[in-house]
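The structure under discussion appears below in the form of structure tokens.
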Amino acid sequence: MPLIDTIKEAERLMTICNACRYCEGFCAVFPAMERRKTFGEGDLTYLANLCHGCQGCYYACQYAPPHEFKVNVPQTFATLRAESYADFAWPGFLGSLFRKNGVVVSLGMALGLGLLLLLLFGMQDLSIIFGSHTGEGAFYRVIPYAAMVWPFGLVFAFALFSMIMGGVIYWRSTAAKSGVRLSVGAILGGVRDVLTLKNLGGAGGGCNYPDESFSGKRRLFHHFTFYGFMLCFAATSFATIYDHWFGWIAPYSFTSLPVLLGTVGGIGLLVGPVGLMKLKLDADPAPRDRDLMGMDVAFLMLLFLVSFTGLALMLLRETSAMGTLLAVHLGFVLALFATLPYGKMVHGVYRFLALVQDAAERKVE
Amino acid sequence: MTDLSQNYDVLVIGAGNAALCAAITARHAGARVLVLEAAPRHSRGGNSRHTRNIRYAHAQATDYVTGPYPVDEYIEDLMRVTAGKTNETLARMVLEQSKQVVDWMQDQGVRFQKPLSGTIGLGRTNAFFFGGGKAMMNSYYARAEKLGVEILYEAEVTGLTLNDGRFTGAQVLFGGNAHDVSARALVVASGGFEANIEWLKEAWGEGAENFLIRGTPFNKGAMLRVLLDHGAQPVSEADQCHAVPIDARSPKFDGGIATRVDCVIYSIMVNKHAKRFYDEGEDIWPKRYAIWGRLVGQQPDQAAYAIIDSKIPGLFMPTVFPAIEADTIPELAGKLGLDADALEKTVTDYNACVEPGDFDPTGLDGCHTKGANPEKTNWAQKIDTPPFYGYPLRPGITFTYLGVEVDEKARVLFGRERKPASNIYAAGEVMAGNILGQGYVGGLGLLIGTVFGRIAGEEAARRAIN
Chain A
20 MPLIDTIKEA ERLMTICNAC RYCEGFCAVF PAMERRKTFG EGDLTYLANL CHGCQGCYYA
80 CQYAPPHEFK VNVPQTFATL RAESYADFAW PGFLGSLFRK NGVVVSLGMA LGLGLLLLLL
140 FGMQDLSIIF GSHTGEGAFY RVIPYAAMVW PFGLVFAFAL FSMIMGGVIY WRSTAAKSGV
200 RLSVGAILGG VRDVLTLKNL GGAGGGCNYP DESFSGKRRL FHHFTFYGFM LCFAATSFAT
260 IYDHWFGWIA PYSFTSLPVL LGTVGGIGLL VGPVGLMKLK LDADPAPRDR DLMGMDVAFL
320 MLLFLVSFTG LALMLLRETS AMGTLLAVHL GFVLALFATL PYGKMVHGVY RFLALVQDAA
380 ERKVE
Chain B
1096 MTDLSQNYDV LVIGAGNAAL CAAITARHAG ARVLVLEAAP RHSRGGNSRH TRNIRYAHAQ
1156 ATDYVTGPYP VDEYIEDLMR VTAGKTNETL ARMVLEQSKQ VVDWMQDQGV RFQKPLSGTI
1216 GLGRTNAFFF GGGKAMMNSY YARAEKLGVE ILYEAEVTGL TLNDGRFTGA QVLFGGNAHD
1276 VSARALVVAS GGFEANIEWL KEAWGEGAEN FLIRGTPFNK GAMLRVLLDH GAQPVSEADQ
1336 CHAVPIDARS PKFDGGIATR VDCVIYSIMV NKHAKRFYDE GEDIWPKRYA IWGRLVGQQP
1396 DQAAYAIIDS KIPGLFMPTV FPAIEADTIP ELAGKLGLDA DALEKTVTDY NACVEPGDFD
1456 PTGLDGCHTK GANPEKTNWA QKIDTPPFYG YPLRPGITFT YLGVEVDEKA RVLFGRERKP
1516 ASNIYAAGEV MAGNILGQGY VGGLGLLIGT VFGRIAGEEA ARRAIN
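Chains A and B, in that order, give the protein sequences.
To convert a position in the first sequence, counted from 1, into the numbering used here, add 19.
To convert a position in the second sequence, counted from 1, into the numbering used here, add 1095.
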């Protein structure tokens, strides 16, 4: 359950906003609000997850603190979102991990790294780890194929399943309660909004950063991060296909599809998280929930380090550093996978579903 | 760092729409400009931050308006609402120039949005600011700062040194110290006096104590008073103001748009004696919105109550405070602090007079009473389906009309002979009464501020630099 206080505060704000409506041009949240007269917990959870935190409505608000109405929608929605992440986590008892997220991530990372190094040093001769390997199967001479595929496959499958379950629980608590039906059109609408980040567009001006002024930077750096992640994911998928269907064994040449996609994506995952981190540090704290910084920073750090170690591995794969870099890189990847369902990554799941609900509601209208 | 001892070209007092338009224009013309804002930064921008749209003449539909609005139609609208109480020369000039304002505003970084659901019937004539008036003001402030306009917050002007229509200096309280600020030209754009309850009492009597002020608490009319005391020619009257019925539970100041209650035409309105006092169904709400503030203000204790039944919620904009709810009329009366028997009698009498008809909330439906006092001429339905709801209402003052007379160069006119001041200009609410002697049409106040702000800024800069 999100805290009663947060729900009450969100309901109070939406009642004020619905009587004002000056912000209806900013994003999907306010038109969705206007489709409602009263705000139940499901409605508020939906609206909070639909909110992209652009902060436009805060700086435009005639009722922002210190006005006695104290309207701060982005901050309250950020808090409510974080509470809803814990609420929808699967299995439920792991929901409390969101609150200790920064710590969890570092522990997860350490665990992943430790395990790998242990496997590495336990099973291999030092001369192999610190030797140079080239040609087909070079990686697997350092870490055996099975030691790579099984832990990663299992952890990733669990993370994926867990996030899907979270999505199902979310949908049942929000859209299904409002009688919203899934449709192909609505899903496509949601996909389009995710791909374009239309809601961070602010009528062409972007969102408010670092203060009242408008900037397209947040949308840009999120695009770098998102598309970078997707390209890296595509690289891994192609590599899997190469390996399983064609029997082509890694490492692949610099001009091969997996390496090209991974390189471009990897650069996106360096630029994006660094940019987003800088925005977070420079931004006005007033419309934000500072308690959530740990979760945001941990996720950005992991993405950055996964990419950084991956690119380093690619560049130095024919040197004696390959063994160590491989272990470190895989450690970060494992830590990222393990924390996916209990960290910032889930915002993507719920935001997407909220956008799908929004598209479905707009269609009915 | 601002040095108040230097001699500025143009001093702008006030920092709302008109003031910033003047400051930006004067700065464009090359003047060194100082803006003095009495409010702290977080509530800068006067009443402009509560606004939402500007009415302007245009030849065709654009991204922001749904159809053409010719100057001639605009003039007709103005003549109708003011009943001729307008300076026609100035009015025509403003409406002619209105054709350029939206382009100019966009050049300054102000953004507009598509006409959406909350456009209250103004989608064709008015362009809506993206995010409303505070967002517009943020754009103006950003622009002004970028151009090098100096802006001081929490800087209160306490007096002006004027000699025979010539401004030489302003007395300013800033940072706990008194300063004498000199400038070659002065633009007064510091709004009306609606937040000055004592002054309102002069026009409205003790009842003004019960008025709520929808806008900034800083519009005390200090500069208006100084100019009038120095012989500036007044326009309009002290009791002319824009006032609407707002929820009695609203903040004393700065309640803005959200405190309005839009169910009046579907309700019966009663005063503290539970008696009806005016035809609630006289016309559609956008055309009657602004008369009800005055009507409520004329009731005992400046209080009124809108009474509806469960057929009505959903037909009007959601309210910021919940309606007071009861299962019976006497119970509702008790919760509203009205006499139960009196309210029950009023409702029973009214119900008995309601003629059958087809209720249509979207337009004048002719559903009326016969024999009621006063009659209700549209949307008259029996109040008979519990639960019943009531909203306690008070007059909410938006702005005042009493101002100083100006000429087409925004120069303040002094004395009966209307001698133009040599270096004193006025823009915005402090002179809007030249054009709006009475009545109102939505989005015109902001237009007057924008056009006269630009004129005042340009003329003041020219006067200062030459």
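Virtual Cβ for every residue (Gly too), placed ideally from N, Cα, C.
Computed from a prediction, not measured in an experiment: that's the story for all the values here.
Does B/GLY1145 come within less than 7 Å of chain A when only Cβ atoms are used? Residue mapping note: residue 1145 of chain B aligns to position 50 of the second sequence, counting from 1. Strictly speaking, residue 1145 of chain B in this sequence is His, with Gly absent from that position. Closer than 7 Å: yes.
Below 7 Å on C-beta distance, what does A/ALA38 contact in chain B? For the purposes of this step, residue 38 of chain A is taken as the residue at position 19 of the first sequence. Within 7 Å Cβ-Cβ: ALA1353, MET1412, PRO1413, THR1414 and VAL1415.
So who's on the other strand from A/PHE233, going by DSSP bridges? Against the first sequence, residue 233 of chain A aligns to sequence position 214. Paired residues: A/ASN227.
Using a beta-carbon distance below 7 Å, is A/ALA79 in contact with chain B? By 1-based counting over the first sequence, the position of residue 79 of chain A is 60. Closer than 7 Å: yes.
For B/PRO1135, tell me which candidate among B/ALA1250, B/ILE1341 and B/CYS1116 has the shortest Cα-Cα distance. By 1-based counting over the second sequence, the position of residue 1135 of chain B is 40. B/PRO1135 has its Cα closest to that of B/ALA1250, out of B/ALA1250, B/ILE1341 and B/CYS1116.
Using the rule of at least 16 other Cβ atoms within 10 Å of the residue's Cβ for burial, across every protein chain shown, is A/GLY266 buried or exposed? Walking along the first sequence from the start, residue 266 of chain A turns up at place 247. A/GLY266 should be labelled exposed.
Can you round the beta-carbon distance between B/TYR1164 and B/ARG1219 to whole angstroms, since I take them to be within the 8 Å contact cut? Here residue 1164 of chain B refers to the residue found at position 69 of the second sequence. Here residue 1219 of chain B refers to the residue found at position 124 of the second sequence. At roughly 6 Å, the Cβ-Cβ gap stays under 8 Å, so B/TYR1164 and B/ARG1219 are in contact.
With a cut-off of 7 Å, does the C-beta of A/ILE26 fall near any C-beta of chain B? To locate residue 26 of chain A, count along the first sequence from 1; it is residue 7. By this cut-off, A/ILE26 is not an interface position.
So with Cβ pairs under 7 Å, would you call B/PHE1494 a contact of chain A? Along the second sequence, one-based indexing puts residue 1494 of chain B at 399. Chain A contact via Cβ: absent.
CB contact below 7 Å: B/GLY1227 versus chain A: Within the second sequence, residue 1227 of chain B is the residue found at index 132, counting from 1. By this cut-off, B/GLY1227 is an interface position.
Which stretch, first to last residue, makes up the beta strand (DSSP E) that contains B/LYS1514? What you label residue 1514 of chain B is simply residue 419 of the second sequence in a count that begins at 1. B/LYS1514 -> beta strand (DSSP E) spans 1514-1521.
Please list, in chain order, the chain A residues whose beta carbon lies closer than 8 Å to that of B/ALA1237. If you number the second sequence from 1, residue 1237 of chain B lands on position 142. Ordered by position in chain A, the residues that pass the 8 Å Cβ test against B/ALA1237 are GLU231 and SER232.
Could you tell me the distance, in whole angstroms, from the CA atom of A/PRO85 to the CA atom of A/ALA305? Against the first sequence, residue 85 of chain A aligns to sequence position 66. Against the first sequence, residue 305 of chain A aligns to sequence position 286. Looking at the two C-alpha atoms, the distance is approximately 11 Å.
Which residues in the same chain have their Cβ closer than 6 Å to the Cβ of A/GLY209, if we skip the five residues on either side of it in sequence? Locating residue 209 of chain A in the first sequence gives position 190, where the first residue counts as 1. These residues qualify, in order along the chain: PHE371, LEU374, VAL375 and ALA378.
Give the DSSP-derived three-state secondary structure of B/ILE1419 in the structure shown. Mapped onto the second sequence, residue 1419 of chain B falls at position 324. Three-state DSSP puts B/ILE1419 in a strand.
B/ALA1564 at chain A interface by Cβ criterion, 7 Å: With chain B running from 1096 to 1561 in the structure shown, residue 1564 of chain B is simply not present.
Can you list, in chain order, the residues of the segment 42-54 of chain A whose Cβ is nearer than 8 Å to any Cβ on chain B? CYS42, GLU43, GLY44, PHE45, PRO50 and GLU53
Here's the rule I'm using: 16 or more other beta-carbon atoms within 10 Å means buried, otherwise exposed. How should A/ASP301 be labelled? Here residue 301 of chain A corresponds to residue number 282 of the first sequence, with the count starting at 1. Counting Cβ neighbours within 10 Å, A/ASP301 comes out exposed, since fewer than 16 surround it.
Inter-residue CB distance, B/ASP1497 and B/GLU1301 (contact presumed, cutoff 8 Å): Taking the first residue of the second sequence as position 1, residue 1497 of chain B is located at position 402. Taking the first residue of the second sequence as position 1, residue 1301 of chain B is located at position 206. It should be pointed out that residue 1497 of chain B corresponds to Leu in this sequence rather than to Asp. Actually they are not in contact, since the Cβ atoms of B/LEU1497 and B/GLU1301 sit about 19 Å apart, beyond 8 Å.
So if I threshold CB-CB distances at 9 Å, which residues from the segment 1319-1353 of chain B count as touching chain A? PRO1346, ASP1349, GLY1350, GLY1351, ILE1352 and ALA1353
Buried or exposed: where does A/LYS382 fall if 16 or more other Cβ atoms within 10 Å of its Cβ makes it buried? Here residue 382 of chain A corresponds to residue number 363 of the first sequence, with the count starting at 1. Exposed: under 16 other Cβ atoms inside 10 Å.
With the cut-off set at 7 Å, would you say B/THR1177 and B/GLY1452 are in Cβ contact? The sequence position of residue 1177 of chain B within the second sequence is 82, counting from 1. The sequence position of residue 1452 of chain B within the second sequence is 357, counting from 1. Not a contact, by the Cβ cut-off of 7 Å.
Is the Cβ-Cβ distance between A/CYS70 and A/VAL48 less than 7 Å? Reading the first sequence from its first residue, position 51 is the one you call residue 70 of chain A. Reading the first sequence from its first residue, position 29 is the one you call residue 48 of chain A. Yes.
Which residue wins for smallest C-alpha separation from B/VAL1205, given the options B/LEU1217, B/ASN1112, B/ASN1258 and B/GLU1168? Counted from its first residue, the second sequence places residue 1205 of chain B at position 110. Closest by alpha carbon: B/ASN1112.
From the DSSP output, which residues share a beta bridge with B/ILE1403? On the second sequence, residue 1403 of chain B is found 308 positions in, with the first residue counted as 1. DSSP lists B/TYR1484 as partners of B/ILE1403.
Taking the C-alpha atoms as reference points, what is the distance between A/THR255 and A/ALA269? Position 236 of the first sequence, counting from 1, holds the residue named residue 255 of chain A. Position 250 of the first sequence, counting from 1, holds the residue named residue 269 of chain A. Each residue's Cα considered, the two are about 11 Å apart.
Strand pairing of B/ALA1222, partner residues [DSSP]: Within the second sequence, the letter at position 127 stands for residue 1222 of chain B. DSSP, once it has assigned bridges, lists B/ILE1149 as partnering B/ALA1222.
Per DSSP, which one or two residues make a beta bridge with A/HIS263? As a position in the first sequence, residue 263 of chain A is number 244, starting the count at 1. In DSSP, A/HIS263 forms no bridge with anything.
Buried or exposed for B/ILE1360, please, with buried defined as at least 16 other CB atoms from any protein chain shown within 10 angstroms of its CB. Counting from one through the second sequence, the residue named residue 1360 of chain B turns up at place 265. Classification of B/ILE1360: buried, given that the 10 Å Cβ count is 16 or more.
Are the segment 1287-1294 of chain B and the segment 1261-1275 of chain B touching, with three or more C-beta to C-beta distances below 8 Å? no
Interface residues of chain B around A/GLY224 at Cβ under 7 Å? Against the first sequence, residue 224 of chain A aligns to sequence position 205. Neighbours of A/GLY224 on chain B, chain order: ARG1206.
Using a cut-off of 9 Å between C-beta atoms, extract the partners of B/LEU1488 located in chain A. Numbered from its first residue, the second sequence carries residue 1488 of chain B at position 393. Residues of chain A passing the Cβ test: none, with the nearest at roughly 15 Å.
With 16 as the cutoff for other CB atoms within 10 Å, does B/ALA1343 come out buried or exposed? Counting from one through the second sequence, the residue named residue 1343 of chain B turns up at place 248. Label assigned to B/ALA1343: buried.
Would B/LEU1242 count as contacting chain A if we go by Cβ distances under 7 Å? For the purposes of this step, residue 1242 of chain B is taken as residue 147 along the second sequence, with counting starting at 1. No, because no Cβ of chain A sits closer than 7 Å to the Cβ of B/LEU1242.
Can you check whether the C-beta of B/LEU1211 is within less than 7 Å of a C-beta belonging to chain A? Counting from 1 along the second sequence, the entry for residue 1211 of chain B is found at position 116. Chain A contact via Cβ: present.
Where does B/GLU1251 sit, in a helix, a strand or coil, going by DSSP? Locating residue 1251 of chain B in the second sequence gives position 156, where the first residue counts as 1. Three-state result, B/GLU1251: strand.
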